[in-house]
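Okay, structure first, notes after.
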Amino acid sequence: MDWLAIAPPTLTALAALVVLVADLFLPAHRKRLLGHATLTALGAALLLLIPLRSGDRSTFCVTTGAQACSYTADHFTLVIQALVLGGAFLTVLLSLDETRGLPVGEYWFLLLASAAGAALLPAARDLATLVVALEVASLPAFALVGIVRGDRRSSEAALKFFLSSVVATAVMLLGVSFVYATTGSLHLTEIAERLGDVPPVLDTLAKTGVALTLVGFAFKTAAAPFHFWVPDTYAGAPLPIAAYLSVVGKAVGFSGIILVTVIAFPAYADVWGPALAVLAALTMTVGNVAALRQDATRARSAVRLLAWSSVAQAGYLLVPVAAAAYSNDEQIGSTVAYALMYAVVNLGAFAVAALVARTHPGNRVADYRGLYATRPLTALALGFFLLCLAGLPPGVIGLFAKVTVFSAAVDAGLGWLAVVMAVNVVIALVYYLRWTAILFRTPEATREPVRSGPREEAGTAPGEPAAEPRHRHAPSPLTTALILTTAAGILLSGAPQLVLRFAAVNLF
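Here's what the structure looks like:
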(Lines of atoms letter the chains of each structure in order from A and count residues from 1; the text may use other names and numbers.)
(Lines give C-alpha, C1' and ligand atoms only; values in the text may rest on other atoms or scores of the structure.)
Protein backbone atom coordinates (compact mmCIF):
# COMPACT_ATOMS: atom_id res chain seq x y z
CA MET A 1 0.00 0.00 0.00
CA ASP A 2 1.30 3.44 -0.98
CA TRP A 3 0.35 5.53 2.05
CA LEU A 4 1.56 8.78 0.53
CA ALA A 5 -0.61 8.31 -2.55
CA ILE A 6 -3.77 7.94 -0.46
CA ALA A 7 -2.75 10.52 2.15
CA PRO A 8 -4.99 13.50 1.11
CA PRO A 9 -8.39 11.73 1.32
CA THR A 10 -7.21 9.58 4.24
CA LEU A 11 -6.18 12.59 6.32
CA THR A 12 -9.50 14.28 5.56
CA ALA A 13 -11.45 11.19 6.66
CA LEU A 14 -9.42 10.81 9.85
CA ALA A 15 -9.95 14.49 10.66
CA ALA A 16 -13.71 13.94 10.32
CA LEU A 17 -13.58 11.19 12.93
CA VAL A 18 -11.43 13.29 15.26
CA VAL A 19 -13.84 16.22 15.01
CA LEU A 20 -16.83 13.97 15.69
CA VAL A 21 -15.25 12.49 18.83
CA ALA A 22 -13.89 15.83 20.05
CA ASP A 23 -17.37 17.32 19.81
CA LEU A 24 -18.47 14.95 22.59
CA PHE A 25 -15.99 16.36 25.08
CA LEU A 26 -15.63 20.05 24.24
CA PRO A 27 -17.79 22.51 26.21
CA ALA A 28 -20.12 24.73 24.22
CA HIS A 29 -17.91 27.81 24.44
CA ARG A 30 -14.99 25.88 22.89
CA LYS A 31 -16.90 24.42 19.93
CA ARG A 32 -15.44 27.08 17.63
CA LEU A 33 -12.13 25.23 17.83
CA LEU A 34 -13.67 22.45 15.74
CA GLY A 35 -14.02 24.82 12.81
CA HIS A 36 -10.39 25.84 13.02
CA ALA A 37 -9.38 22.18 13.30
CA THR A 38 -11.37 21.47 10.12
CA LEU A 39 -9.65 24.34 8.34
CA THR A 40 -6.22 23.09 9.46
CA ALA A 41 -6.95 19.52 8.33
CA LEU A 42 -8.02 20.63 4.85
CA GLY A 43 -4.95 22.86 4.57
CA ALA A 44 -2.72 19.94 5.53
CA ALA A 45 -4.46 17.70 2.97
CA LEU A 46 -3.76 20.30 0.29
CA LEU A 47 -0.08 20.38 1.27
CA LEU A 48 0.10 16.59 0.94
CA LEU A 49 -0.58 16.99 -2.79
CA ILE A 50 2.83 18.60 -3.26
CA PRO A 51 4.91 15.40 -2.82
CA LEU A 52 2.62 13.71 -5.37
CA ARG A 53 3.10 16.30 -8.10
CA SER A 54 4.98 13.87 -10.35
CA GLY A 55 1.66 12.08 -10.89
CA ASP A 56 3.06 8.56 -11.22
CA ARG A 57 1.80 6.69 -8.14
CA SER A 58 -0.75 3.88 -7.92
CA THR A 59 -1.85 1.48 -5.20
CA PHE A 60 -4.36 -1.31 -4.50
CA CYS A 61 -3.17 -3.05 -7.67
CA VAL A 62 -3.97 -6.54 -8.91
CA THR A 63 -0.86 -8.73 -8.49
CA THR A 64 -1.86 -11.46 -10.93
CA GLY A 65 -2.73 -11.24 -14.60
CA ALA A 66 -3.15 -7.82 -16.23
CA GLN A 67 -1.85 -4.80 -14.36
CA ALA A 68 -4.86 -2.93 -12.97
CA CYS A 69 -5.04 -0.61 -9.98
CA SER A 70 -7.99 0.69 -7.99
CA TYR A 71 -6.31 3.96 -6.90
CA THR A 72 -4.13 6.15 -9.11
CA ALA A 73 -2.62 9.51 -8.15
CA ASP A 74 -1.95 10.85 -11.66
CA HIS A 75 -2.07 14.48 -12.77
CA PHE A 76 -5.82 14.39 -13.37
CA THR A 77 -6.37 13.10 -9.83
CA LEU A 78 -4.15 15.77 -8.29
CA VAL A 79 -5.81 18.64 -10.17
CA ILE A 80 -9.31 17.55 -9.15
CA GLN A 81 -8.23 16.84 -5.57
CA ALA A 82 -6.75 20.34 -5.38
CA LEU A 83 -10.05 21.75 -6.65
CA VAL A 84 -12.12 19.67 -4.20
CA LEU A 85 -9.99 20.30 -1.12
CA GLY A 86 -9.53 23.97 -2.01
CA GLY A 87 -13.29 24.34 -2.47
CA ALA A 88 -13.92 22.67 0.89
CA PHE A 89 -11.30 24.95 2.51
CA LEU A 90 -13.09 28.06 1.22
CA THR A 91 -16.43 26.59 2.30
CA VAL A 92 -15.09 26.33 5.85
CA LEU A 93 -14.08 29.99 5.73
CA LEU A 94 -17.61 30.88 4.62
CA SER A 95 -19.07 28.72 7.40
CA LEU A 96 -17.09 29.76 10.46
CA ASP A 97 -19.53 32.54 11.35
CA GLU A 98 -22.59 30.88 9.83
CA THR A 99 -22.95 27.93 12.22
CA ARG A 100 -24.82 29.68 15.03
CA GLY A 101 -27.86 27.61 15.95
CA LEU A 102 -26.48 24.56 14.12
CA PRO A 103 -25.01 21.37 15.62
CA VAL A 104 -21.43 22.46 15.10
CA GLY A 105 -19.65 19.13 15.57
CA GLU A 106 -21.99 17.35 13.18
CA TYR A 107 -21.64 20.14 10.63
CA TRP A 108 -17.85 19.92 10.46
CA PHE A 109 -17.88 16.12 10.56
CA LEU A 110 -20.31 15.93 7.63
CA LEU A 111 -18.37 18.50 5.62
CA LEU A 112 -15.06 16.66 6.11
CA ALA A 113 -16.65 13.29 5.35
CA SER A 114 -18.13 14.60 2.11
CA ALA A 115 -14.81 16.20 1.14
CA ALA A 116 -13.00 12.90 1.79
CA GLY A 117 -15.34 11.07 -0.60
CA ALA A 118 -15.01 13.83 -3.19
CA ALA A 119 -11.20 13.65 -2.96
CA LEU A 120 -11.26 9.87 -3.32
CA LEU A 121 -13.41 9.78 -6.46
CA PRO A 122 -10.96 11.21 -9.05
CA ALA A 123 -8.35 8.66 -7.93
CA ALA A 124 -10.73 5.69 -8.28
CA ARG A 125 -9.99 3.36 -11.17
CA ASP A 126 -12.64 0.71 -10.66
CA LEU A 127 -16.43 1.02 -10.69
CA ALA A 128 -16.89 -0.23 -7.12
CA THR A 129 -14.58 2.45 -5.70
CA LEU A 130 -16.24 5.06 -7.92
CA VAL A 131 -19.70 4.22 -6.57
CA VAL A 132 -18.52 4.13 -2.95
CA ALA A 133 -16.68 7.45 -3.33
CA LEU A 134 -19.72 9.03 -4.97
CA GLU A 135 -21.99 7.96 -2.13
CA VAL A 136 -19.50 9.00 0.58
CA ALA A 137 -19.44 12.44 -1.04
CA SER A 138 -23.23 12.57 -1.40
CA LEU A 139 -24.75 11.14 1.78
CA PRO A 140 -23.23 13.74 4.14
CA ALA A 141 -24.34 16.44 1.68
CA PHE A 142 -28.00 15.44 2.15
CA ALA A 143 -27.66 15.99 5.90
CA LEU A 144 -25.81 19.28 5.42
CA VAL A 145 -28.61 20.64 3.23
CA GLY A 146 -31.20 19.83 5.90
CA ILE A 147 -29.11 20.63 8.97
CA VAL A 148 -31.05 23.80 9.85
CA ARG A 149 -33.44 22.40 12.44
CA GLY A 150 -36.98 23.72 12.38
CA ASP A 151 -36.58 25.27 8.94
CA ARG A 152 -39.23 23.88 6.60
CA ARG A 153 -37.43 25.08 3.49
CA SER A 154 -34.20 23.37 4.50
CA SER A 155 -35.99 20.08 5.20
CA GLU A 156 -37.82 20.23 1.88
CA ALA A 157 -34.57 20.93 0.01
CA ALA A 158 -32.85 17.98 1.68
CA LEU A 159 -35.75 15.65 0.88
CA LYS A 160 -35.81 16.64 -2.81
CA PHE A 161 -32.04 16.28 -3.03
CA PHE A 162 -32.12 12.89 -1.33
CA LEU A 163 -34.96 11.35 -3.35
CA SER A 164 -33.58 12.53 -6.68
CA SER A 165 -30.10 11.29 -5.83
CA VAL A 166 -31.33 7.89 -4.65
CA VAL A 167 -33.19 7.29 -7.90
CA ALA A 168 -30.15 8.37 -9.96
CA THR A 169 -27.84 6.13 -7.91
CA ALA A 170 -30.17 3.14 -8.35
CA VAL A 171 -30.17 3.64 -12.12
CA MET A 172 -26.37 3.98 -12.13
CA LEU A 173 -25.92 0.78 -10.10
CA LEU A 174 -28.11 -1.06 -12.59
CA GLY A 175 -25.83 0.21 -15.36
CA VAL A 176 -22.71 -0.86 -13.46
CA SER A 177 -24.16 -4.34 -13.01
CA PHE A 178 -24.82 -4.56 -16.77
CA VAL A 179 -21.24 -3.51 -17.53
CA TYR A 180 -19.90 -6.08 -15.06
CA ALA A 181 -22.11 -8.79 -16.54
CA THR A 182 -20.76 -7.93 -19.99
CA THR A 183 -17.06 -7.69 -19.16
CA GLY A 184 -16.56 -9.67 -15.94
CA SER A 185 -14.43 -6.88 -14.46
CA LEU A 186 -14.81 -3.69 -12.46
CA HIS A 187 -11.39 -2.16 -13.22
CA LEU A 188 -11.73 0.64 -15.76
CA THR A 189 -8.72 -0.37 -17.87
CA GLU A 190 -9.86 -3.99 -18.10
CA ILE A 191 -13.40 -2.90 -18.97
CA ALA A 192 -11.99 -0.81 -21.82
CA GLU A 193 -10.13 -3.83 -23.23
CA ARG A 194 -13.08 -6.21 -22.96
CA LEU A 195 -15.70 -3.80 -24.31
CA GLY A 196 -13.67 -3.64 -27.49
CA ASP A 197 -14.51 -7.31 -28.15
CA VAL A 198 -18.05 -7.82 -26.84
CA PRO A 199 -19.99 -10.76 -28.32
CA PRO A 200 -22.90 -9.56 -30.52
CA VAL A 201 -25.42 -11.16 -28.16
CA LEU A 202 -24.20 -8.89 -25.32
CA ASP A 203 -23.82 -5.69 -27.34
CA THR A 204 -27.23 -4.29 -26.40
CA LEU A 205 -26.63 -5.08 -22.72
CA ALA A 206 -23.26 -3.30 -22.85
CA LYS A 207 -24.70 -0.20 -24.52
CA THR A 208 -27.52 -0.06 -21.98
CA GLY A 209 -24.99 -0.38 -19.14
CA VAL A 210 -22.89 2.46 -20.55
CA ALA A 211 -25.92 4.75 -20.84
CA LEU A 212 -27.31 3.98 -17.39
CA THR A 213 -23.92 4.38 -15.69
CA LEU A 214 -23.72 7.93 -16.98
CA VAL A 215 -27.08 8.84 -15.43
CA GLY A 216 -25.81 8.93 -11.84
CA PHE A 217 -22.91 11.20 -12.72
CA ALA A 218 -25.13 13.38 -14.92
CA PHE A 219 -27.31 13.96 -11.86
CA LYS A 220 -24.31 15.14 -9.82
CA THR A 221 -23.33 17.59 -12.53
CA ALA A 222 -26.92 18.93 -12.64
CA ALA A 223 -27.15 18.15 -16.34
CA ALA A 224 -30.66 18.52 -17.79
CA PRO A 225 -33.03 16.73 -17.44
CA PHE A 226 -31.47 15.67 -14.09
CA HIS A 227 -31.26 19.23 -12.78
CA PHE A 228 -34.66 19.86 -11.14
CA TRP A 229 -33.31 19.50 -7.60
CA VAL A 230 -30.78 22.34 -7.99
CA PRO A 231 -32.70 25.64 -7.42
CA ASP A 232 -34.75 24.46 -4.44
CA THR A 233 -31.77 22.66 -2.87
CA TYR A 234 -29.48 25.68 -3.19
CA ALA A 235 -32.14 28.07 -1.90
CA GLY A 236 -33.01 25.87 1.10
CA ALA A 237 -29.49 24.88 2.11
CA PRO A 238 -27.22 27.05 4.29
CA LEU A 239 -25.44 29.43 1.94
CA PRO A 240 -21.94 27.91 2.41
CA ILE A 241 -23.35 24.45 1.61
CA ALA A 242 -24.96 25.79 -1.56
CA ALA A 243 -21.53 27.12 -2.54
CA TYR A 244 -19.98 23.74 -1.71
CA LEU A 245 -22.49 21.83 -3.83
CA SER A 246 -22.06 24.22 -6.77
CA VAL A 247 -18.31 23.61 -6.93
CA VAL A 248 -17.33 20.37 -5.18
CA GLY A 249 -20.51 18.55 -6.16
CA LYS A 250 -19.89 19.39 -9.80
CA ALA A 251 -16.23 18.35 -9.58
CA VAL A 252 -17.37 14.95 -8.30
CA GLY A 253 -19.85 14.48 -11.12
CA PHE A 254 -17.52 15.56 -13.89
CA SER A 255 -14.66 13.47 -12.53
CA GLY A 256 -16.88 10.41 -12.67
CA ILE A 257 -18.10 11.17 -16.19
CA ILE A 258 -14.56 11.69 -17.46
CA LEU A 259 -13.24 8.51 -15.86
CA VAL A 260 -15.96 6.19 -17.10
CA THR A 261 -16.17 7.63 -20.60
CA VAL A 262 -12.56 8.27 -21.50
CA ILE A 263 -10.92 5.37 -19.63
CA ALA A 264 -13.59 2.65 -19.39
CA PHE A 265 -15.93 3.20 -22.36
CA PRO A 266 -13.85 4.43 -25.33
CA ALA A 267 -15.14 1.50 -27.40
CA TYR A 268 -18.65 2.92 -27.07
CA ALA A 269 -17.82 6.52 -27.87
CA ASP A 270 -20.52 6.37 -30.54
CA VAL A 271 -23.03 5.93 -27.68
CA TRP A 272 -21.89 8.39 -25.03
CA GLY A 273 -20.46 11.03 -27.39
CA PRO A 274 -23.76 12.06 -29.04
CA ALA A 275 -25.61 11.62 -25.74
CA LEU A 276 -23.28 14.02 -23.89
CA ALA A 277 -23.39 16.51 -26.78
CA VAL A 278 -27.19 16.63 -26.61
CA LEU A 279 -27.07 16.85 -22.79
CA ALA A 280 -24.60 19.75 -23.05
CA ALA A 281 -26.82 21.69 -25.44
CA LEU A 282 -29.97 21.02 -23.41
CA THR A 283 -28.32 21.83 -20.08
CA MET A 284 -26.83 25.18 -21.06
CA THR A 285 -30.08 26.24 -22.73
CA VAL A 286 -32.35 25.27 -19.81
CA GLY A 287 -30.02 26.86 -17.26
CA ASN A 288 -29.64 30.17 -19.08
CA VAL A 289 -33.32 30.55 -19.98
CA ALA A 290 -34.37 29.81 -16.39
CA ALA A 291 -31.78 32.25 -15.00
CA LEU A 292 -33.02 34.90 -17.41
CA ARG A 293 -36.55 34.52 -16.04
CA GLN A 294 -35.65 35.04 -12.37
CA ASP A 295 -37.59 37.78 -10.59
CA ALA A 296 -35.16 40.17 -8.87
CA THR A 297 -37.65 40.87 -6.08
CA ARG A 298 -38.31 37.22 -5.18
CA ALA A 299 -36.91 35.95 -1.88
CA ARG A 300 -33.54 34.24 -2.36
CA SER A 301 -33.54 35.18 -6.04
CA ALA A 302 -29.78 35.84 -5.87
CA VAL A 303 -29.11 32.24 -4.80
CA ARG A 304 -31.61 30.90 -7.33
CA LEU A 305 -29.94 32.86 -10.10
CA LEU A 306 -26.56 31.42 -9.12
CA ALA A 307 -28.18 27.96 -9.03
CA TRP A 308 -29.53 28.24 -12.56
CA SER A 309 -26.23 29.76 -13.65
CA SER A 310 -24.47 26.67 -12.29
CA VAL A 311 -26.76 24.50 -14.40
CA ALA A 312 -25.81 26.49 -17.49
CA GLN A 313 -22.12 26.28 -16.62
CA ALA A 314 -22.50 22.48 -16.37
CA GLY A 315 -23.56 22.51 -20.01
CA TYR A 316 -20.36 24.31 -21.01
CA LEU A 317 -18.32 21.84 -18.94
CA LEU A 318 -19.86 18.88 -20.78
CA VAL A 319 -18.83 20.16 -24.22
CA PRO A 320 -15.14 19.06 -24.14
CA VAL A 321 -16.10 15.66 -22.69
CA ALA A 322 -18.48 15.12 -25.59
CA ALA A 323 -15.79 16.38 -27.99
CA ALA A 324 -13.37 13.75 -26.66
CA ALA A 325 -15.55 11.08 -28.29
CA TYR A 326 -14.91 12.60 -31.72
CA SER A 327 -11.26 13.63 -31.48
CA ASN A 328 -8.86 12.77 -28.62
CA ASP A 329 -8.51 12.80 -24.85
CA GLU A 330 -6.63 16.12 -24.87
CA GLN A 331 -10.01 17.87 -25.06
CA ILE A 332 -10.55 16.91 -21.42
CA GLY A 333 -8.02 19.54 -20.41
CA SER A 334 -10.53 22.19 -21.49
CA THR A 335 -13.13 20.85 -19.06
CA VAL A 336 -10.60 20.80 -16.22
CA ALA A 337 -9.48 24.35 -17.02
CA TYR A 338 -13.07 25.57 -17.12
CA ALA A 339 -13.85 23.81 -13.83
CA LEU A 340 -10.92 25.55 -12.12
CA MET A 341 -12.05 28.95 -13.36
CA TYR A 342 -15.66 28.29 -12.38
CA ALA A 343 -14.68 27.11 -8.90
CA VAL A 344 -12.77 30.29 -8.11
CA VAL A 345 -15.31 32.83 -9.35
CA ASN A 346 -18.43 30.98 -8.21
CA LEU A 347 -17.12 30.59 -4.66
CA GLY A 348 -16.28 34.29 -4.77
CA ALA A 349 -19.85 35.14 -5.84
CA PHE A 350 -21.25 33.04 -2.99
CA ALA A 351 -18.88 34.78 -0.57
CA VAL A 352 -20.39 38.12 -1.59
CA ALA A 353 -23.88 36.66 -1.27
CA ALA A 354 -23.05 35.51 2.27
CA LEU A 355 -21.83 39.01 3.10
CA VAL A 356 -24.97 40.70 1.74
CA ALA A 357 -27.18 38.16 3.54
CA ARG A 358 -25.89 39.49 6.86
CA THR A 359 -27.91 42.67 6.33
CA HIS A 360 -30.53 41.40 3.87
CA PRO A 361 -31.49 37.84 4.87
CA GLY A 362 -33.96 37.67 1.96
CA ASN A 363 -30.95 37.74 -0.41
CA ARG A 364 -32.87 39.09 -3.38
CA VAL A 365 -31.07 40.36 -6.45
CA ALA A 366 -32.84 43.68 -5.75
CA ASP A 367 -31.05 43.84 -2.38
CA TYR A 368 -27.78 44.39 -4.25
CA ARG A 369 -28.96 47.71 -5.65
CA GLY A 370 -26.50 50.43 -4.76
CA LEU A 371 -24.03 48.02 -3.17
CA TYR A 372 -21.20 50.12 -4.61
CA ALA A 373 -22.33 53.09 -2.54
CA THR A 374 -22.09 51.18 0.76
CA ARG A 375 -19.44 48.51 0.02
CA PRO A 376 -17.47 49.62 -3.05
CA LEU A 377 -14.80 46.89 -2.88
CA THR A 378 -17.39 44.16 -2.39
CA ALA A 379 -19.44 45.48 -5.32
CA LEU A 380 -16.36 45.59 -7.55
CA ALA A 381 -15.48 42.03 -6.55
CA LEU A 382 -18.96 40.73 -7.34
CA GLY A 383 -19.00 42.63 -10.62
CA PHE A 384 -15.68 41.03 -11.52
CA PHE A 385 -16.99 37.53 -10.67
CA LEU A 386 -20.14 38.04 -12.73
CA LEU A 387 -18.13 39.28 -15.70
CA CYS A 388 -15.87 36.24 -15.39
CA LEU A 389 -18.91 33.96 -15.49
CA ALA A 390 -20.20 35.90 -18.49
CA GLY A 391 -16.82 35.72 -20.24
CA LEU A 392 -16.32 39.48 -20.58
CA PRO A 393 -13.26 41.66 -19.82
CA PRO A 394 -11.86 42.35 -17.29
CA GLY A 395 -12.85 38.80 -16.42
CA VAL A 396 -10.27 37.49 -18.88
CA ILE A 397 -10.11 34.07 -17.25
CA GLY A 398 -13.80 33.52 -17.96
CA LEU A 399 -13.36 34.56 -21.59
CA PHE A 400 -10.29 32.34 -21.89
CA ALA A 401 -12.12 29.33 -20.46
CA LYS A 402 -15.08 29.77 -22.80
CA VAL A 403 -12.78 30.10 -25.82
CA THR A 404 -11.01 26.84 -24.96
CA VAL A 405 -14.36 25.04 -24.61
CA PHE A 406 -15.60 26.57 -27.88
CA SER A 407 -12.40 25.51 -29.63
CA ALA A 408 -12.81 21.96 -28.33
CA ALA A 409 -16.24 21.72 -29.97
CA VAL A 410 -15.01 23.17 -33.27
CA ASP A 411 -11.90 20.95 -33.39
CA ALA A 412 -14.08 17.87 -32.80
CA GLY A 413 -16.36 18.77 -35.71
CA LEU A 414 -19.29 19.65 -33.45
CA GLY A 415 -20.12 22.90 -35.22
CA TRP A 416 -23.80 22.75 -34.24
CA LEU A 417 -22.85 22.50 -30.57
CA ALA A 418 -20.50 25.47 -30.91
CA VAL A 419 -23.38 27.51 -32.39
CA VAL A 420 -25.68 26.52 -29.50
CA MET A 421 -22.98 27.52 -27.04
CA ALA A 422 -22.48 30.89 -28.74
CA VAL A 423 -26.22 31.63 -28.56
CA ASN A 424 -26.31 30.66 -24.89
CA VAL A 425 -23.33 32.87 -24.07
CA VAL A 426 -25.28 35.81 -25.49
CA ILE A 427 -28.37 34.87 -23.43
CA ALA A 428 -26.25 34.67 -20.29
CA LEU A 429 -24.86 38.14 -20.89
CA VAL A 430 -28.32 39.60 -20.25
CA TYR A 431 -28.76 38.39 -16.67
CA TYR A 432 -25.10 38.70 -15.69
CA LEU A 433 -24.93 42.31 -16.93
CA ARG A 434 -28.35 43.10 -15.44
CA TRP A 435 -27.11 42.02 -12.00
CA THR A 436 -23.82 43.88 -12.50
CA ALA A 437 -25.68 47.07 -13.41
CA ILE A 438 -27.80 46.84 -10.25
CA LEU A 439 -24.65 47.05 -8.13
CA PHE A 440 -23.89 50.56 -9.38
CA ARG A 441 -27.37 52.06 -9.40
CA THR A 442 -28.42 54.71 -6.93
CA PRO A 443 -29.75 53.08 -3.75
CA GLU A 444 -33.46 53.41 -3.10
CA ALA A 445 -33.95 56.06 -0.44
CA THR A 446 -37.08 54.41 0.90
CA ARG A 447 -35.48 51.01 1.38
CA GLU A 448 -33.97 50.28 4.76
CA PRO A 449 -30.70 48.32 4.59
CA VAL A 450 -31.63 46.28 7.65
CA ARG A 451 -35.13 45.18 8.61
CA SER A 452 -35.60 42.86 11.52
CA GLY A 453 -39.32 42.33 11.64
CA PRO A 454 -41.18 41.43 8.44
CA ARG A 455 -41.02 37.89 7.17
CA GLU A 456 -40.99 39.24 3.64
CA GLU A 457 -37.47 40.63 4.10
CA ALA A 458 -36.27 37.36 5.53
CA GLY A 459 -37.82 35.53 2.64
CA THR A 460 -39.79 33.15 4.88
CA ALA A 461 -43.19 31.70 4.24
CA PRO A 462 -46.05 31.94 6.71
CA GLY A 463 -45.53 29.58 9.61
CA GLU A 464 -41.72 29.76 9.36
CA PRO A 465 -39.52 31.61 11.82
CA ALA A 466 -38.33 34.96 10.54
CA ALA A 467 -34.61 35.18 9.93
CA GLU A 468 -32.79 37.76 11.98
CA PRO A 469 -30.55 40.13 10.06
CA ARG A 470 -27.07 40.40 11.47
CA HIS A 471 -24.47 43.11 11.84
CA ARG A 472 -23.01 44.86 8.86
CA HIS A 473 -19.52 44.05 10.02
CA ALA A 474 -17.91 41.38 7.82
CA PRO A 475 -16.25 38.60 9.86
CA SER A 476 -12.59 37.99 9.10
CA PRO A 477 -13.02 34.40 7.74
CA LEU A 478 -15.61 35.60 5.23
CA THR A 479 -13.40 38.54 4.27
CA THR A 480 -10.44 36.16 3.85
CA ALA A 481 -12.46 33.92 1.50
CA LEU A 482 -13.48 36.94 -0.55
CA ILE A 483 -9.90 38.22 -0.75
CA LEU A 484 -8.55 34.79 -1.76
CA THR A 485 -11.07 34.26 -4.54
CA THR A 486 -10.70 37.82 -5.85
CA ALA A 487 -6.91 37.59 -5.85
CA ALA A 488 -7.01 34.21 -7.60
CA GLY A 489 -9.43 35.53 -10.24
CA ILE A 490 -7.29 38.61 -10.91
CA LEU A 491 -4.09 36.55 -11.06
CA LEU A 492 -5.59 34.07 -13.52
CA SER A 493 -7.08 36.87 -15.62
CA GLY A 494 -3.60 38.36 -15.86
CA ALA A 495 -2.05 35.03 -16.86
CA PRO A 496 -4.89 32.77 -18.09
CA GLN A 497 -2.44 30.39 -19.75
CA LEU A 498 -1.51 29.15 -16.26
CA VAL A 499 -4.89 27.43 -15.96
CA LEU A 500 -4.64 25.58 -19.25
CA ARG A 501 -1.01 24.67 -18.61
CA PHE A 502 -1.96 23.32 -15.20
CA ALA A 503 -4.97 21.42 -16.52
CA ALA A 504 -3.66 20.23 -19.88
CA VAL A 505 -0.99 17.93 -18.52
CA ASN A 506 -0.98 14.26 -19.47
CA LEU A 507 -4.16 13.36 -17.64
CA PHE A 508 -4.15 9.63 -18.06
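Numbered by the working numbering, the letters in the sequence shown go through residues -7 to 500 in order. In this text, a Cβ means the ideal position worked out from N, Cα and C, and glycines have one as well.
If you draw a straight line from the C-alpha of residue i to the C-alpha of residue j, how long is it?
{"i": "N338", "j": "L155", "result": "26 Å"}
{"i": "A210", "j": "V239", "result": "15 Å"}
{"i": "A459", "j": "L180", "result": "Any reading at A459 must be qualified, since the residue scores a pLDDT of 43, below 50, and its modelled position is unreliable; no value is offered."}
{"i": "G407", "j": "V395", "result": "14 Å"}
{"i": "R24", "j": "L470", "result": "15 Å"}
{"i": "V158", "j": "L347", "result": "33 Å"}
{"i": "V328", "j": "I72", "result": "8 Å"}
{"i": "L6", "j": "P43", "result": "20 Å"}
{"i": "D(-6)", "j": "A234", "result": "34 Å"}
{"i": "C380", "j": "I389", "result": "6 Å"}
{"i": "S106", "j": "L194", "result": "37 Å"}
{"i": "I(-2)", "j": "T32", "result": "18 Å"}
{"i": "V311", "j": "E436", "result": "42 Å"}
{"i": "L34", "j": "L(-4)", "result": "16 Å"}
{"i": "F432", "j": "V417", "result": "23 Å"}
{"i": "F17", "j": "V344", "result": "35 Å"}
{"i": "L40", "j": "A261", "result": "35 Å"}
{"i": "L9", "j": "S62", "result": "24 Å"}
{"i": "N320", "j": "A401", "result": "12 Å"}
{"i": "V168", "j": "A29", "result": "38 Å"}
{"i": "L113", "j": "A480", "result": "25 Å"}
{"i": "Y172", "j": "G188", "result": "14 Å"}
Does the Cβ-Cβ distance between residue i and residue j come in under 7 Å?
{"i": "R356", "j": "T434", "result": "no"}
{"i": "M276", "j": "Y318", "result": "no"}
{"i": "V244", "j": "A108", "result": "no"}
{"i": "A198", "j": "T174", "result": "yes"}
{"i": "A371", "j": "L363", "result": "yes"}
{"i": "L26", "j": "G79", "result": "no"}
{"i": "V137", "j": "A150", "result": "yes"}
{"i": "L409", "j": "A269", "result": "yes"}
{"i": "G265", "j": "A314", "result": "yes"}
{"i": "L75", "j": "A335", "result": "yes"}
{"i": "W221", "j": "F153", "result": "yes"}
{"i": "V303", "j": "G279", "result": "yes"}
{"i": "T213", "j": "V252", "result": "no"}
{"i": "A331", "j": "Q323", "result": "no"}
{"i": "T478", "j": "A373", "result": "yes"}
{"i": "L122", "j": "G241", "result": "no"}
Taking residue i as the reference, which of the options has the closest Cα?
{"i": "R145", "options": "A33, L94, S157, G228", "result": "G228"}
{"i": "A259", "options": "E185, G241, V222, V207", "result": "E185"}
{"i": "R285", "options": "W427, L70, T32, V123", "result": "W427"}
{"i": "L70", "options": "A282, V123, P0, A105", "result": "P0"}
{"i": "A36", "options": "L187, L3, V207", "result": "L3"}
{"i": "I482", "options": "L274, Y236, A358, P385", "result": "P385"}
{"i": "H352", "options": "R292, L9, G375, V311", "result": "R292"}
{"i": "S301", "options": "P312, A341, V263, V123", "result": "A341"}
{"i": "P230", "options": "L165, A160, V140, V263", "result": "V140"}
{"i": "L476", "options": "V124, F81, L425", "result": "F81"}
{"i": "A133", "options": "L166, T83, P114, M333", "result": "T83"}
{"i": "L297", "options": "A272, M333, G188, T225", "result": "T225"}
{"i": "P223", "options": "A267, P95, A299, E148", "result": "A299"}
{"i": "L94", "options": "E148, A20, A162, D189", "result": "A20"}
{"i": "E182", "options": "V163, I255, A358, I430", "result": "I255"}
How should residue i be labelled, buried or exposed, when 16 other C-beta atoms within 10 angstroms of its C-beta is the threshold for buried?
{"i": "S46", "result": "exposed"}
{"i": "G142", "result": "exposed"}
{"i": "L85", "result": "buried"}
{"i": "A450", "result": "With a pLDDT of 42 at A450, under the threshold of 50, the modelled position of this residue cannot be trusted, and the question is left open."}
{"i": "A282", "result": "buried"}
{"i": "S468", "result": "exposed"}
{"i": "T56", "result": "exposed"}
{"i": "A487", "result": "exposed"}
{"i": "D287", "result": "exposed"}
Does the ligand ADP have a heavy atom nearer than 6 Å to the CB of residue i?
{"i": "T351", "result": "The ligand ADP is not among the ligands present in this structure, which contains no ligands whatsoever."}
Practice prompt. Tell me the start and end of each unbroken alpha helix (DSSP H) in the segment 298 to 386 that is at least 4 residues and wholly inside, in chain order.
Written response: 324 to 349, 363 to 366, 368 to 382
Discussion item. List, from N- to C-terminal side, the alpha helix (DSSP H) runs of 4 residues or more that fit wholly inside the segment 111 to 148.
Written reply: DSSP runs (the alpha helix (DSSP H)) wholly in the segment 111 to 148: 119 to 137.
Worksheet entry | Within the segment 223 to 262, ranges of the alpha helix (DSSP H) (whole runs, at least 4 residues) | 231 to 236, 242 to 250
Worksheet item: In the segment 261 to 296, which residue ranges form an unbroken alpha helix (DSSP H) of at least 4 residues, counting only runs that do not cross its ends?
Response: 261 to 284
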